[in-house]
Structures are given as C-alpha cells and as structure tokens.
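In this text, residue positions in the sequence shown follow numbering that gives the first Met the number 0: the first is 0, and each later residue adds one.
The C-beta atom is built at its ideal place from N, Cα and C for all residues, glycine as well.
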Amino acid sequence: MSAAARPLPAEPMSPLGQLLRQRIGAEGAISVYDFVDVCLYDARHGYYRVREPLGRDGDFITSPEISQIFGELIGLWAVETWRAMGAPAQVSLIELGPGRGTLMADALRASRVAPDFQKACSLHLVETSAPLRDQQWRNLEPFGLKIRWYDALEQVGPGPAIVIANEFFDALPVQQFVRLADGWQERCVVLDADDAFAFGVAPAATAPPAGAPTDAEDGEIFELRPGGDEVIAQLARRGADHPMSALVIDYGHLASACGDTLQAVRHHGRADPLGAPGETDLTAHVDFAALARSACAAGLQVWQPLEQRAFLLSLGLAQRCAQLEAAAGDAGKLGVRAGAHRLVDPDQMGTLFKVMAIGSANLPAPPAFEHAWDGGAHGGLAAR
Ligand code: SAH
C-alpha cells in the first residue's frame, strides 16, 4: 500500500468509547438512545456531567452568552407572567439546564424593576453538571436569593412556578426508528468489521413510533424523545395544583416529520456523533409539535410557538439594543449591535430557534403569545 493510501491512524478512543466498545462487544448492538444517554450522562465521563461546554474554549455558544438582552427580556417576561398569575407571594423560578447561569443573572438584574417580584422569588436550578453548578453559583450568589440545585425537575417542591428552558430539551437523548420494508426498527450502534462504531438496526421490528408519518418511505428515520415527555408530565403535575408557566426555547421544527437530526458539535464545528464518546456535544432537533401534543394530553395549555426573532422583537429587543448602544459609546456600540443581530437574524438564530409557552389550564396568554395550540397533525408557526 502506498503511503498516500494508508488509512490515517484513528484518534485514540476516549475512555467512554472504550467502555462502550466493551459493552457492545459483550451485549451486542445498543440503541442510539442508550449510546447517547451514556455519552451525555455517564457518572464519570458523561459530557453533561464533567465538561464545560459553553463559551469560546468550549464547544458551542448559546443566546444568553451572545447578548445580555436575551436574559433581560426573559426576566421582564417572567415578571409579567407572575403578575398574570395574580402575583403569588411566593414563586419558584425554575431553570432547566442553566448553563453558566448567564441567562438567569441577566433576568434577575432586569427584574429589579419589580422589587415585589424579586421578594417573592426563590431560585431552583435543575442541572446535571458539577462544573456548571459551580459557575451558576458564582454568577447567581450575588443576587442574594435562596438558590437550590436538583438533578431532575420532579425533585423541586410544589408551588406557583415559572420555568425557563433554553437549549435544554435538545440535549435530552432521542430514540431513532428506521422505516424498513417490514415496518419500523429501532436504530442502533454496532461494531463494524474494524471494531469501529457504526449505525445499524435492532433485529426485531417495533410498533410504529407515536406520531410518525404513515407515508414514511423506506430508510427514513423518525425520532422520539422520551425524556422530553417526562419533563412535560412533570410540568403537568406542577401545573395542576398551582399556577405554572413555562418558556421552552430551542432549535427544532414545528411539525413532526421524518429526518435524522442527531448531531455532534465539538470546538464550535460539526463532528462525528459516534466519534469521541463523552467528549462531544450530542443533540437533536426539538419536535415542538410532539411536546405540544404531550402537554395538551396532560391537561396543560400550549401557546403557539414564535420564531425567536418575533419573540424577542415583540418583547422590545430593538429598544433595549438602542439603550445599550447609547451607553456603550462608539467603542462598544458595534459589539452590542452584532450580538443583538445574531439573535434575531434569520440566517443565524432568528428563525431556526423557536419559543413555545406552556402553562396551567386557566392562565391567560403570557407576553408575546396569542394563540392556543395543540401541536396539530402538522404543526405550524404563529403568524405575527
Ligand atoms: N441554558 C443554558 C445552557 C444550555 S446547554 C444557556 O442557554 O446557555 C444545556 C444545559 O443543560 C447545560 O447546563 C447542561 O449541563 C444541562 N443539562 C443537559 N442535560 C440535562 C439533564 N438531563 N438534566 C439537567 N440538566 C441538563
């Protein structure tokens, strides 16, 4: 073999990759869901247990890390939503997957315009990552509110609540199903002839996944997110006894449809989802229609999603940007504008990201939202 044709030496397998290879060698194929679940949540090596994914030195960047306006507007949204609940004397501000705590810090700073709201608030952070919990503490401790951390939403005590989830649902693992001639089969990870990870399918057929199009073609993939439905069930339990309003912001689609959306991101670029287990961020698009159907079936009210662009502009992004530009002067003005633009630009985060509100049955539409939505057979976007 010539030097040019010789395969490149493979990257040394990560510790989690070695564990997964042993497991598949011993047990046979494991589902994509189990593979991703181990990659993200393995107690010792899981990506969302031990890594610091955000920021320039990390793997990806999120809206609150791009511009303070994002968290500020959500803080004002929370104040108005609390008032619409009748301004309960105590309200739990719950954030799912708070990252570095940046969104919450900006939200709390902005909500100082409503001291009665701040007085009513306690902070409840649902976070699996130890290093991120440390960062959240550093960023949020100065606000002087009571803060508690949890591994899962079900551990947060009852009471009126406002729940914020930015780029949380996309992190929850998906199951993938492949349409084949004989029906649906779950997509798996196997070892190929070279002992490398490869996609395959489970030997036995499964029932058609809920919500899958009946006209799916051979080879098409449909995804389900069991953890997303579980979070919705938890919201429904909370929302049945006390006023609850949740804001779900994520990238994804508004109609349940076939497609392989599993993606890996590392150092701000696309990566192989099966390469470097535990060292790469693995996410998949959020199926907003599926979440809405779960929420409606559980007795919650869902408000038709808006694109992030429409949501932020209707809450006053342009006005806040102008204020900050004026305060930043010539030196800082361009940076302020560039950050705000990135959040709403249709070619960047403005339309790929959607915002959906979910709440207890009797609450009015929260700020920026208008129409009730049941996820429909085909989904759809609120017109503005
Ligand atoms: N909301 C933040 C961070 C988004 S990244 C922002 O906008 O910047 C995803 C966040 O969810 C991280 O904080 C990650 O550690 C956390 N996370 C991922 N899966 C989780 C799970 N199952 N339970 C709780 N937190 C989780």
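Within 8 Å, strictly: CB atoms of residue 59 and residue 267: Counting from one through the sequence shown, the residue named residue 59 turns up at place 60. Counting from one through the sequence shown, the residue named residue 267 turns up at place 268. Cβ atoms of residue 59 and residue 267: closer than 8 Å.
Closer than 7 Å: residue 96 CB and nearest ligand 1 heavy atom: Walking along the sequence shown from the start, residue 96 turns up at place 97. Residue 96: yes, Cβ under 7 Å from ligand 1.
Simplified DSSP state of residue 269, which is helix, strand or coil: Sequence index remark: in the sequence shown, residue 269 carries index 270 (1-based). Note: residue 269 maps to strand in three-state DSSP.
Secondary structure of residue 103, DSSP reduced to three states: Within the sequence shown, numbered from 1, the residue matching residue 103 stands at position 104. Reduced to three states, the DSSP call for residue 103 is helix.
Sequence-distant residues of its chain with Cβ nearer than 8 Å to residue 217 (five each side left out): In the sequence shown, the residue the question calls residue 217 occupies position 218. Once the five neighbours on either side are set aside, the close Cβ partners of residue 217 are 178, 179 and 180.
Sequence-distant residues of the same chain with beta carbon closer than 6 Å to residue 261, five excluded per side: For the purposes of this step, residue 261 is taken as residue 262 along the sequence shown, with counting starting at 1. Excluding sequence neighbours, residue 261 sits near 272 and 283.
Through-space distance from residue 16 to residue 23, alpha-carbon basis: Position 24 of the sequence shown, counting from 1, holds the residue named residue 23. Position 17 of the sequence shown, counting from 1, holds the residue named residue 16. About 10 Å.
Residue 365 Cβ short of 7 Å to ligand 1 heavy atom set: The residue labelled residue 365 in the question sits at position 366 within the sequence shown. Not a single heavy atom of ligand 1 lies less than 7 Å from the C-beta of residue 365.
Any beta strand (DSSP E) of 3 or more consecutive residues that is wholly inside the region 276 to 330: With a minimum length of 3 residues, the continuous beta strand (DSSP E) runs that stay inside the region 276 to 330 are 280 to 282 and 300 to 306.
Whole-Å CB distance - residue 200 paired with residue 185, under 8 Å assumed: As a working note, residue 200 is residue 201 in the sequence shown. As a working note, residue 185 is residue 186 in the sequence shown. 7 Å between Cβ atoms; contact.
Cβ-Cβ distance between residue 170 and residue 250 below 8 Å: For the purposes of this step, residue 170 is taken as residue 171 along the sequence shown, with counting starting at 1. For the purposes of this step, residue 250 is taken as residue 251 along the sequence shown, with counting starting at 1. No, the Cβ-Cβ distance between residue 170 and residue 250 is not below 8 Å.
Any non-hydrogen atom of ligand 1 closer than 7 Å to residue 35 Cβ: Residue 35 sits at position 36 when you count from the first residue of the sequence shown. No - ligand 1 has no heavy atom lying nearer than 7 Å to the Cβ of residue 35.
is_contact[residue 350, chain C] using C-beta, thresh 8 Å: The chain labelled as chain C is not found in the depicted structure, where only one protein chain is given.
Cβ-heavy atom distance, residue 131 to ligand 1, below 7 Å: The residue given as residue 131 occupies position 132 in the sequence shown. Checking the Cβ of residue 131 against ligand 1 gives yes.
Ranges of the alpha helix (DSSP H) found wholly within the region 42 to 119, counting only runs of at least 4: 46 to 49, 62 to 65, 67 to 83, 101 to 109 and 114 to 119
Proximal residues to residue 51 (C-beta, below 6 Å), its chain only, five neighbours per side dropped: As a working mapping, residue 51 is identified with position 52 in the sequence shown. Contacts found: 57 and 130.
Limits of the unbroken alpha helix (DSSP H) element including residue 388: This structure does not reach residue 388, given that the chain is present from 0 up to 383, and the question cannot be answered.
Cut-off 6 Å between Cβ atoms - residues of its own chain near residue 109, not counting five sequence neighbours on either side: As a working mapping, residue 109 is identified with position 110 in the sequence shown. Within the same chain, residue 109 has close Cβ partners 71, 74 and 75.
Span of the beta strand (DSSP E) around residue 165: Mapped onto the sequence shown, residue 165 falls at position 166. Segment 160 to 165, the beta strand (DSSP E) holding residue 165.
Proximal residues to residue 366 (C-beta, below 6 Å), its chain only, five neighbours per side dropped: In the sequence shown, counting from the first residue as 1, residue 366 sits at position 367. Shown here for residue 366: same chain residues with a beta carbon closer than 6 Å to its own, the five before and five after excluded, namely 76 and 79 in chain order.
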